[in-house]
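The sequence shown begins at 4 in our numbering and counts up by one.
Don't be surprised by glycine CBs; every beta carbon is placed ideally from N, CA and C.
Small disclaimer: the values here were computed from a predicted structure and weren't measured.
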Amino acid sequence: MGQPLSSEPSSFARLRKPSLFFLAFYLAWTLRVVLLLPYEDRFESEVAHRVFLDAIRLLLWLAPLWVYLIRVDRAAPLTSLRLDVLPAPRRAVEAFVIAGTYFAVVATIAITLEDKQTIFQRHVPLARWPWVLMGMWLAPIVEEIFFRGFVFRKLRDVLRFRPANLFSALLFASIHVPGWLYLQGFGAGFILSLVSVFIIGYVLGLLVERTNSLWPAIVMHFLNNLLWSGGP
Numbered sequence: 004m005g006q007p008l009s010s011e012p013s014s015f016a017r018l019r020k021p022s023l024f025f026l027a028f029y030l031a032w033t034l035r036v037v038l039l040l041p042y043e044d045r046f047e048s049e050v051a052h053r054v055f056l057d058a059i060r061l062l063l064w065l066a067p068l069w070v071y072l073i074r075v076d077r078a079a080p081l082t083s084l085r086l087d088v089l090p091a092p093r094r095a096v097e098a099f100v101i102a103g104t105y106f107a108v109v110a111t112i113a114i115t116l117e118d119k120q121t122i123f124q125r126h127v128p129l130a131r132w133p134w135v136l137m138g139m140w141l142a143p144i145v146e147e148i149f150f151r152g153f154v155f156r157k158l159r160d161v162l163r164f165r166p167a168n169l170f171s172a173l174l175f176a177s178i179h180v181p182g183w184l185y186l187q188g189f190g191a192g193f194i195l196s197l198v199s200v201f202i203i204g205y206v207l208g209l210l211v212e213r214t215n216s217l218w219p220a221i222v223m224h225f226l227n228n229l230l231w232s233g234g235p
């Protein structure tokens, strides 16, 4: 007698629903750039602009994902996204070494070869720091939840680490493309930005893989955004 047919879906069939969800998200985010970004410079209040940006991220990035995990995956979001676990001490040290090496290399290249300045070289007034921190606390959390907590984990369920992380880093870079094209067009700066975001996306995936927690990636993402923040 032949072997009974398995009722389990194939590996790539398991990516069908997450892929459709990601495509819908990408379309929504692109429409946001096309329809709303041209009007965002009309905000007279910095606080109002920040509230608007944070609301957009919560509505387009986090809320649909939370519903998807509960209704489609039938999963507890905090557990599925690796938000309910902290890395073991040895893994936390490993994450610190990986992130520290990344920052040392990238900062050295950016400062010496690209003549960039970190926020700590810009002499940001003390009174300005609360605004700087308020402006960047949410993006690293939301982006890591979506890309390393959801996209990377879905790919990792069916692929080995390296292809899963490469693909998730590429998708992470791609979500920035609509905004970059609108703001700066296609050119050398666009290519450099794409490569830079791809690299940090890969490193962030490595942190999640090594620690089995999303928190080291969130912290590193936040510190990266802070390091190259515009400051005053």
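Please classify residue i as buried or exposed, where buried requires at least 16 neighbouring CB atoms within 10 angstroms.
| i | result |
| --- | --- |
| Thr214 | buried |
| Gly188 | exposed |
| Ala98 | buried |
| Val88 | exposed |
| Trp64 | buried |
| Ala51 | exposed |
| Leu22 | According to the sequence shown, residue 22 is Ser rather than Leu. Result: exposed. |
| Tyr105 | buried |
| Ser171 | buried |
| Pro235 | At Pro235, the pLDDT of 44 sits below 50, so the modelled position is not reliable; the number obtained from the coordinates is stated separately. By the neighbour-count rule (16 or more Cβ atoms within 10 Å), Pro235 is not buried but exposed. |
| Ala176 | buried |
| Val54 | exposed |
| Leu61 | exposed |
| Arg93 | exposed |
| Ser216 | buried |
| Pro80 | buried |
Per DSSP, what kind of secondary structure is residue i in: helix, strand or coil?
| i | result |
| --- | --- |
| Leu207 | helix |
| Met139 | coil |
| Asn227 | helix |
| Thr121 | coil |
| Ile178 | coil |
| Ser9 | Note on Ser9: pLDDT 49, under 50, position unreliable in the model; the coordinate value appears next. Correct three-state label for Ser9: coil. |
| Asn215 | coil |
| Gly234 | With a pLDDT of 45 at Gly234, under the threshold of 50, the modelled position of this residue cannot be trusted; read the value that follows with caution. In the structure shown, Gly234 sits in coil (DSSP, three-state: anything other than H, G, I, E or B). |
| Met4 | Caution applies to Met4, whose pLDDT of 46 falls short of 50 and renders its modelled position unreliable; the value that the coordinates give is listed next. Note: Met4 maps to coil in three-state DSSP. |
| Val108 | helix |
| Val222 | helix |
| Asp44 | helix |
| Gly190 | coil |
| Phe164 | helix |
| His126 | coil |
| Asp57 | helix |
| Leu89 | coil |
| Val96 | helix |
| Leu84 | coil |
| Phe153 | helix |
| Phe1 | Here the chain has residues from 4 to 235 only, and residue 1 is not among them. |
Thinking just about the alpha-carbon of each residue, which of the options is nearest to the one in residue i?
| i | options | result |
| --- | --- | --- |
| Asn168 | Phe175, Gly208, Leu195 and His179 | Gly208 |
| Phe24 | Ala58, Asp76 and Ser216 | Asp76 |
| Val200 | Phe225, Leu173, Ser232 and Ile112 | Leu173 |
| Phe123 | Asn227, Leu18 and Ala16 | Asn227 |
| Phe193 | Pro166, Val127, Pro128 and His179 | His179 |
| Pro143 | Ile203, Ile114, Ala31 and Thr115 | Ile203 |
| Ala95 | Leu18, Trp218 and Val135 | Trp218 |
| Phe15 | Lys157, Leu229, Leu195 and Arg165 | Lys157 |
| Val109 | Arg19, Arg17 and Leu195 | Leu195 |
| Trp132 | Leu39, Asp160, Leu229 and Arg163 | Leu229 |
Spatial neighbours of residue i within its chain, please: CB distance less than 6 Å, with the 5 preceding and 5 following residues excluded, ordered by chain position.
| i | result |
| --- | --- |
| Val36 | Pro181, Gly182 and Tyr185 |
| Ala220 | Glu147, Arg151, Leu207, Leu210 and Val211 |
| Ala102 | Met223 |
| Leu86 | Leu217 |
So, at 7 Å on beta carbons, what are the nonlocal neighbours of residue i in its own chain, with the 5 sequence-adjacent residues on each side left out?
| i | result |
| --- | --- |
| Phe149 | Trp64 and Leu68 |
| Val154 | Phe25, Ser171 and Leu174 |
| Ser232 | Ile122, Val135 and Met139 |
Does residue i have its Cβ less than 8 Å from a Cβ in chain D?
| i | result |
| --- | --- |
| Leu40 | You won't find chain D in this structure, because it holds only one protein chain. |
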